[in-house]
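Student: Just passing along the structure, written as structure tokens.
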Amino acid sequence: MAQKQQILHQQRPFSSSPRSYSSISNRPIFLLSRNGLLLLLLALFLLLGVFLPWPGSPLLLLPNRVSSPSYDTSLSPQAKSEWRDYTLAQAAKFVAKNGTVIVCAVSSPFLPFLNNWLISVSRQKHQEKVLVIAEDYITLYKVNEKWPGHAVLIPPALDSKTAYSFGSQGFFNFTARRPQHLLQILELGYNVMYNDVDMVWLQDPFQYLEGSHDAYFTDDMPQIKPLNHSHDLPPPDQNGETYICSCMIYLRPTNGAKLLMKKWSEELQSQAWSESIRFKANDQPAFNLALNKTAHQVDLYLLSQVAFPTGGLYFSNERWVKETKGKHVIIHNNYIIGYDNKMRRFHDYGLWLVDDHALESPLGKLQ
Numbered sequence: 001m002a003q004k005q006q007i008l009h010q011q012r013p014f015s016s017s018p019r020s021y022s023s024i025s026n027r028p029i030f031l032l033s034r035n036g037l038l039l040l041l042l043a044l045f046l047l048l049g050v051f052l053p054w055p056g057s058p059l060l061l062l063p064n065r066v067s068s069p070s071y072d073t074s075l076s077p078q079a080k081s082e083w084r085d086y087t088l089a090q091a092a093k094f095v096a097k098n099g100t101v102i103v104c105a106v107s108s109p110f111l112p113f114l115n116n117w118l119i120s121v122s123r124q125k126h127q128e129k130v131l132v133i134a135e136d137y138i139t140l141y142k143v144n145e146k147w148p149g150h151a152v153l154i155p156p157a158l159d160s161k162t163a164y165s166f167g168s169q170g171f172f173n174f175t176a177r178r179p180q181h182l183l184q185i186l187e188l189g190y191n192v193m194y195n196d197v198d199m200v201w202l203q204d205p206f207q208y209l210e211g212s213h214d215a216y217f218t219d220d221m222p223q224i225k226p227l228n229h230s231h232d233l234p235p236p237d238q239n240g241e242t243y244i245c246s247c248m249i250y251l252r253p254t255n256g257a258k259l260l261m262k263k264w265s266e267e268l269q270s271q272a273w274s275e276s277i278r279f280k281a282n283d284q285p286a287f288n289l290a291l292n293k294t295a296h297q298v299d300l301y302l303l304s305q306v307a308f309p310t311g312g313l314y315f316s317n318e319r320w321v322k323e324t325k326g327k328h329v330i331i332h333n334n335y336i337i338g339y340d341n342k343m344r345r346f347h348d349y350g351l352w353l354v355d356d357h358a359l360e361s362p363l364g365k366l367q
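Reminder that position 291 of the sequence shown reads as 291 in full-length UniProt numbering, one-by-one numbering, no gaps.
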């Protein structure tokens, strides 16, 4: 009986209420008898199963934990309060594997895209490293209800009802927080990979992170590069601009990577959103400025275009896709604006996995 309770408890990150256990017999227990000792041990195991979470539980990291709600039902007000107190340091420590954290930032309208991305990450056996930075409380509670410990909210929370389109002020506010999140994780001593959730992994990207550079990133230009192209930061164009994507970044906890994140944050703080520049009002131009201004201080590495193609190439050049088949690692669904348009394109190219493979995601089927 005790063994059964322990197994059940290990399968459930949150323990059940003490009321869910029936009371032991009301017959008198004689402590010196063999039966009395057995019953006493049984009661002790039951109490431990009720009040102590499994050893890896993120709730052990939370302050002032009184009790935990059932994982099978919606989170109670007490559990919601506990997850609100969950810090980035606690979350990173819980999910980090081999010193690495994989980060995405999500608001609740994009939970289906999160699930689609997670399926592809799970197929490469890296899902346990994932930390979802929830931009609203709905996302925080939903992810931690389904997958305890894998979501954290860094205040202030954003509006949870709007799927912000590229170029909108909401989109700018959403993306402008990114370098600070990544810097905090670097300051904690972890390697960090950032992904937007409109991506799909076809292979394991970690095998392409060659050497020990400070920062790895991808080109956002759709023009075809030679397979053996340079891994240096591309030179600015005639307008003095580079077009590096800020949606797939890998950073090591080095002084160079931290400097890059600080400079990126400074560039974002120096610009304000306005209707006149709305198609440049996102975090990517500031990231490119930061790259160029710190290039002499930071060890930078441009990832292979064929492995990490921009959506402007992958979804627009069928011939190139066929010629490079089997070499693609992460597909980014950019160069298209709008939630429905992104989802439709994933469907059209067989990259929308949620409908048939939701159970491969740690979140399962989202209702």
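Beta carbons: idealized from backbone N, C-alpha and C, even for Gly. It should be emphasised that the depicted structure is a prediction, and the values quoted were computed from it without experimental measurement.
Are the region 78-91 and the region 329-339 in contact at 8 Å, needing three or more beta carbon pairs?
Tutor: Contact between the region 78-91 and the region 329-339 is absent, because fewer than three Cβ pairs lie under 8 Å.
Student: Assuming contact is defined by CB atoms lying nearer than 7 Å, are T310 and P235 in contact in what I supplied?
Tutor: Going by C-beta atoms, T310 is not nearer than 7 Å to P235.
Student: Taking only three categories from DSSP, how would you classify residue 409?
Tutor: One cannot answer for residue 409 here, as it falls past the ends of the chain, which runs 1 to 367.
Student: Less than 7 Å separating the beta-carbons of I133 and H181?
Tutor: Against a cut-off of 7 Å, the Cβ pair of H181 and I133 comes out as a contact.
Student: Counting only the same chain and skipping the five closest in sequence on each side, list residues whose C-beta sits under 7 Å from that of K280.
Tutor: Because the pLDDT of K280 is 48, which lies under 50, any placement of that residue in the model is unreliable, and the number read from its coordinates should be weighed accordingly. Taken in chain order, the list of residues that qualify is empty.
Student: Reducing DSSP to helix, strand and coil, say where T100 ends up.
Tutor: Reduced to three states, the DSSP call for T100 is strand.
Student: Using three-state DSSP, classify I138 as helix, strand or coil.
Tutor: Looking at I138 - three-state DSSP - the assignment turns out to be helix.
Student: Does S361 come within less than 7 Å of chain D when only Cβ atoms are used?
Tutor: The structure shown contains no chain D, having only a single protein chain.
Student: Cα separation between K262 and L251?
Tutor: The alpha-carbon atoms of K262 and L251 are separated by roughly 13 Å.
Student: Identify the residues that DSSP records as bridge partners of H213: which are they?
Tutor: Paired residues: none, contrary to the question.
Student: In terms of DSSP beta bridges, what is V200 paired with?
Tutor: DSSP lists I331 as partners of V200.
Student: What separation, rounded to the nearest whole angstrom, lies between the Cα atoms of P109 and D340?
Tutor: Roughly 11 Å separates the two Cα atoms.
Student: Straight-line CA distance for M193 to I244?
Tutor: Using only the alpha carbons, I get a separation of about 16 Å.
Student: Taking the CB atoms as reference points, tell me whether F287 and V197 lie closer together than 7 Å.
Tutor: No, they are not a contact pair.
Student: So, using beta-carbon positions, are E267 and A295 closer together than 7 Å?
Tutor: Contact flag unset, no.
Student: Go ahead and label D219 buried or exposed: buried means 16 or more other beta carbons lie within 10 angstroms of its beta carbon, across all protein chains shown.
Tutor: That one is buried.
Student: Based on Cα-Cα distance, which residue from P77, F206, Y349, Y301 lies nearest to H126?
Tutor: The shortest Cα separation from H126 among P77, F206, Y349, Y301 belongs to F206.
Student: Could you tell me if H347 is buried or exposed, where buried requires 16 or more neighbouring beta carbons within 10 angstroms of its beta carbon?
Tutor: The residue in question, H347, is exposed, as its Cβ has fewer than 16 Cβ neighbours within 10 Å.
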